[in-house]
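Chemist:
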Amino acid sequence: MAKYRGKYDEGWDIVRERWFKKQIATGVIPADTVLSPRNPGVKPWDELSDNEQRLAARLQEAFAAFLDHTDDQIGRLVEGLRKLGQLDNTVLVIHADNGASQEGGPFGVMHEMKFFNAIFETPDQAIKDIDDIGGPNSHNNYPWGWAQVGNTPYRWYKQNTHEGGVHVPMVFHWPNGIPKEQKGTKRDQFVFVSDIVPTVYDIIGVTPPKVRKGLEQIPVSGHSFKSFLKDAKAPATNTVQHFENMGSLAIVAGEWKAVLKHTSGQPYSNEKWELYHLSIDRSECNDLADSEPDKLEEMIAHWWEQAEIHGVLPLDDRGVELFGSRFRKNSPHPEDRRYVYRPPMSPMPAQASGGVGGRNVDIVAKVTYKKGDEGVLYASGTQNSGISVFIQNGRLLLDYNAFGDHTIIESSGLVPEGDHELRAVLRRGNGMSGYLEVTIDGVSGGSAEVSLYMRMISSVGPSIGFDHGSPISTRYSAPYAYTGELHEIVIESGPRRVDTAAAEAQAEMNRQ
């Protein structure tokens, strides 16, 4: 991060203007592109307080440094392919998954998990930890102002169907297939993410089967753009593309785009479609909906037609409820659910495992214990927030790490030798409180109350028999693998509360 220290102190207004001019100078956008105005909620930089500016600038420095880190990792892959002699014969596609994130809010956040636990820090509160940004003690995200800079020259952000949410850069690298004279050249033809697979199929000569193992396959919906990899003047192959995300709608047809920014729960009849001539208005600054009503009506009808073809209907703008569907009775994650994990096994993604945040949970370890055995039985999270169950000095311990506030329960008695069931009991109380207990074969070994019972623990998932990331507990150094015989870990969890469901839904969206 030292490389970027002070680079953004002049603020997002000046930096955005500079990036915009560079985009025009380098031909990334047409020379007549208009820089869109500030999004609602983004203040002029000069109107921010000193602490707001310092915090925002440091958060952007961390983002820039992480881009460098990402570039280094891509470089490792490229160098590995080069050493194998396969770089020129490999298709590399690098693109953003969406526009810049709006989840940081107007000021940015030091720790996203605090946000999901309804702990809202002001810049004046967060500034005391400014030197943690970008390090292991932070889980930060930048504010709206820098997100809009990242989306220059477009409007809005990730989650939205305006250009700021869906128009992203892509690099396509294939030395054996792209003529040398085309190296480093730019393409302006419209491409959607679903066009990548049919392009790769086209390159390697694969025709996807219509039937596999007796089952009719859903047709590939994209369009190969192999033709204009070699010929910059070849026409676009995807000429009609619909969008729908969390109820917001859009369609691009040729040079035109119609878009509707939706607010969840609001009737669509109360919301206004916008119309843009993208070939001359790349940044969606001149809404032609009122002056071109016939064209707008044609585009809207086109959207409904495409929505019917591609299974978008019926429109569903639910958020929490949709994410909650994975916990219903017949889903892989029923509401009252029980998970059994048997080591050895790799760490699990948080969204694919039995979540332990915001609900009543028992973490059960079945072991054959011998004197001297020690280590982590179950761990979920990081040093910033998490839960760890482990044996140390012959005793069962639970470390409940709520953003650096460690509640550690150590069993009063030793774990006897032989086969035993060791249990960490987590119970949610009223408001934000909770109750913790450890038991050995059903006998309580100690308990404690906590004032903050986390509804979201971490975006880092669990590991069984070791702590695979930064150490959750201050009582050991990771991975602190268990040295004894661990037969299985069982997670027994009860229903979530509504606020937990909302937090999980927002966290899932942030991972997209």
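Once you know that position 154 of the sequence shown is 163 in our numbering, the rest is easy, because the numbers rise by one and skip nothing. Glycine included, every Cβ here is placed at the ideal spot set by N, Cα and C.
How big is the Cα-Cα spacing for lysine 242 and threonine 161?
Modeler: Start at 1 with the first residue of the sequence shown, and residue 242 comes out as number 233. Start at 1 with the first residue of the sequence shown, and residue 161 comes out as number 152. Rounded to the nearest angstrom, the two C-alpha atoms are 26 Å apart.
Chemist: Alpha carbon to alpha carbon, how far is serine 233 from phenylalanine 181? Give it in angstroms, no decimals.
Modeler: Here residue 181 is taken as the residue at index 172 of the sequence shown, counted from 1. Here residue 233 is taken as the residue at index 224 of the sequence shown, counted from 1. Straight-line Cα distance between these residues: approximately 13 Å.
Chemist: Tell me where the alpha helix (DSSP H) around asparagine 247 begins and ends.
Modeler: Looking up residue 247 in the sequence shown gives position 238. Here asparagine 247 belongs to no alpha helix (DSSP H), and DSSP marks it neither H nor E.
Chemist: The alpha helix (DSSP H) that contains leucine 297, what's its start and end?
Modeler: Here residue 297 refers to the residue found at position 288 when the sequence shown is read from its first residue. Premise fails: leucine 297 is in no alpha helix (DSSP H) and is neither H nor E.
Chemist: Between the C-alpha atoms of proline 358 and lysine 137, what's the straight-line distance to the nearest angstrom?
Modeler: Within the sequence shown, the letter at position 349 stands for residue 358. Within the sequence shown, the letter at position 128 stands for residue 137. Rounded to whole angstroms, proline 358 to lysine 137 spans 32 Å at the Cα level.
Chemist: Check each candidate in Arg14, Ser45, Gly15 and name the one with the smallest Cα separation from tryptophan 28.
Modeler: As a first step, residue 28 must be located in the sequence shown, where it is residue number 19. With distances taken between Cα atoms, tryptophan 28 lies closest to Ser45.
Chemist: Based on the DSSP secondary-structure assignment, which residues constitute the bridge partners of valine 434?
Modeler: Position 425 of the sequence shown holds residue 434. Answer by DSSP bridge pairing, in chain order: Asp371, Glu446.
Chemist: So for tyrosine 539, helix, strand or coil by DSSP?
Modeler: In this structure the chain extends from 10 to 521, so residue 539 is not present and cannot be described.
Chemist: Using beta-carbon positions only, say whether proline 152 and glycine 113 come within less than 7 Å of one another.
Modeler: The residue labelled residue 152 in the question sits at position 143 within the sequence shown. The residue labelled residue 113 in the question sits at position 104 within the sequence shown. Their beta carbons are under 7 Å apart, which means proline 152 touches glycine 113 by this criterion.
Chemist: Taking the alpha-carbon positions, what's the asparagine 254 to serine 460 distance?
Modeler: By one-based count along the sequence shown, residue 254 stands at place 245. By one-based count along the sequence shown, residue 460 stands at place 451. Those two C-alpha atoms are separated by around 37 Å.
Chemist: What are the boundary residues of the beta strand (DSSP E) that arginine 404 is part of?
Modeler: Position 395 of the sequence shown, counted from the start, is the residue given in the question as residue 404. That run of the beta strand (DSSP E) goes 404-411.
Chemist: DSSP beta-bridge partners for proline 217?
Modeler: Here the question's residue 217 lines up with position 208 in the sequence shown. Note: proline 217 sits in no beta bridge, so no partner.
Chemist: Among residues of its own chain, excluding the 5 on either side of threonine 492, which ones have a beta-carbon nearer than 7 Å to its beta-carbon?
Modeler: In the sequence shown, counting from the first residue as 1, residue 492 sits at position 483. Only Asp382, Glu383, Gly384 meet the Cβ criterion.
Chemist: Shortest alpha-carbon distance to leucine 101 belongs to which of Val118, Gly94, Lys92, Ile83?
Modeler: In the sequence shown, the residue the question calls residue 101 occupies position 92. Of Val118, Gly94, Lys92, Ile83, the residue nearest in Cα terms is Ile83.
Chemist: Measuring alpha carbon to alpha carbon, tell me which of Pro480, Ile187, Glu70 ends up nearest isoleucine 212.
Modeler: In the sequence shown, residue 212 corresponds to position 203, counting from 1. Isoleucine 212 has its Cα closest to that of Ile187, out of Pro480, Ile187, Glu70.
Chemist: Using the Cβ count rule (16 or more neighbours within 10 Å means buried), how would you classify proline 353?
Modeler: Walking along the sequence shown from the start, residue 353 turns up at place 344. Looking at its Cβ environment, which holds fewer than 16 other Cβ atoms inside 10 Å, proline 353 is exposed.
Chemist: CB glycine 363 to CB isoleucine 473, shorter than 7 Å?
Modeler: As a working note, residue 363 is residue 354 in the sequence shown. As a working note, residue 473 is residue 464 in the sequence shown. It is not a contact, given that the beta carbons lie outside the stated cut-off.
Chemist: Considering only the beta carbon of each residue, do aspartate 197 and glycine 231 sit closer than 7 Å?
Modeler: Position 188 of the sequence shown, counting from 1, holds the residue named residue 197. Position 222 of the sequence shown, counting from 1, holds the residue named residue 231. The answer is no: Cβ separation not under 7 Å.
Chemist: Take the Cβ of proline 425 as the centre, count every other Cβ of all protein chains shown within 10 Å, and call the residue buried at 16 or more, exposed below.
Modeler: Locating residue 425 in the sequence shown gives position 416, where the first residue counts as 1. Exposed is the call here.
Chemist: Are there 16 or more other CB atoms within 10 angstroms of the CB of serine 300, so buried, or fewer, so exposed?
Modeler: In the sequence shown, counting from the first residue as 1, residue 300 sits at position 291. Looking at its Cβ environment, which holds fewer than 16 other Cβ atoms inside 10 Å, serine 300 is exposed.
Chemist: Please work out which residues of its chain come closer than 8 Å, Cβ to Cβ, to histidine 104, disregarding the five sequence neighbours upstream and downstream, and give them in chain order.
Modeler: For the purposes of this step, residue 104 is taken as the residue at position 95 of the sequence shown. Cβ neighbours of histidine 104 beyond the five flanking positions: Val177, Pro178, Met179, Val180, Val202.
Chemist: Are at least three pairs of beta-carbons, each pair with one atom in the stretch 75-89 and one in the stretch 51-62, less than 8 Å apart?
Modeler: Short answer: they don't touch.
Chemist: Run the CB neighbour count on serine 273, radius 10 Å, all protein chains shown included, and call it buried at 16 or more, exposed below.
Modeler: Within the sequence shown, numbered from 1, the residue matching residue 273 stands at position 264. With fewer than 16 other Cβ atoms within 10 Å, it is exposed.
Chemist: Using DSSP's beta-bridge definition, name the partner residues of proline 471.
Modeler: In the sequence shown, the residue the question calls residue 471 occupies position 462. Note: proline 471 sits in a beta bridge opposite Ser389.
Chemist: What does the alpha-carbon distance come out to for the pair aspartate 22 and tryptophan 54?
Modeler: In the sequence shown, counting from the first residue as 1, residue 22 sits at position 13. In the sequence shown, counting from the first residue as 1, residue 54 sits at position 45. Distance between the alpha carbons of aspartate 22 and tryptophan 54: 6 Å.
Chemist: Look up serine 362 in the DSSP assignment and say whether it is helix, strand or coil.
Modeler: The residue labelled residue 362 in the question sits at position 353 within the sequence shown. The answer is coil: DSSP assigns serine 362 none of H, G, I, E or B.
Chemist: Quick check: the stretch 123-138 against the stretch 253-268, are at least 3 beta-carbon pairs closer than 8 Å?
Modeler: With the cut-off at 8 Å, the stretch 253-268 and the stretch 123-138 do not touch.
Chemist: Take glutamate 458 as the anchor and find which of Val452, Gly440, Met465, Pro471 has the nearest alpha-carbon.
Modeler: As a working mapping, residue 458 is identified with position 449 in the sequence shown. Checking every option, the nearest Cα to that of glutamate 458 belongs to Gly440.
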